[in-house]
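Peer 1:
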Amino acid sequence: MTITIKDEEFNAQDIRRLYSAAIIKTEEGGTKEVSLEWIDKEENANVEIIHYGIFVDLGDDDIESFYFETREEIDMALAKTTEQIRQKRNGR
Numbered sequence: 001m002t003i004t005i006k007d008e009e010f011n012a013q014d015i016r017r018l019y020s021a022a023i024i025k026t027e028e029g030g031t032k033e034v035s036l037e038w039i040d041k042e043e044n045a046n047v048e049i050i051h052y053g054i055f056v057d058l059g060d061d062d063i064e065s066f067y068f069e070t071r072e073e074i075d076m077a078l079a080k081t082t083e084q085i086r087q088k089r090n091g092r
């Protein structure tokens, strides 16, 4: 089974972990990954979102990153990825 994200194909068996995150600016000026759920619950107006990402962990420190500028873009990409997995599990 293959999964495609932004025209990149991955064999599902090679994926150790597939996750999404928002990349925010820290108070120290660096960046940090936080879950989309944390962003959804966060009421702190001081949180600056740099961008959003889908990350494909292939093991051995090999992580493919796909960045999106808006929440709408990442939500659409996540919906497409979820649909691919659902269809392939159902044998389509």
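Just so we're aligned: 81 in our numbering is position 81 of the sequence shown, and the numbers increase by one with no gaps anywhere.
The beta carbon of each residue, even a glycine, is placed where N, CA and C say it ideally should be.
On a predicted model such as this, the values are computed, not experimentally measured, just so you know.
1. Among residues of its own chain, excluding the 5 on either side of I15, which ones have a beta-carbon nearer than 8 Å to its beta-carbon?
2. With 16 as the cutoff for other CB atoms within 10 Å, does S35 come out buried or exposed?
3. Check whether the Cβ atoms of G53 and A12 lie closer than 9 Å to each other.
4. Would you identify the three-state DSSP class for R71, choosing helix, strand or coil?
5. Could you say which of S20, S65, V47 lies nearest to E27 if we only look at CA atoms?
Peer 2: On the basis of the data shown:
1. I3, V56, D57, L58
2. exposed
3. no
4. helix
5. V47
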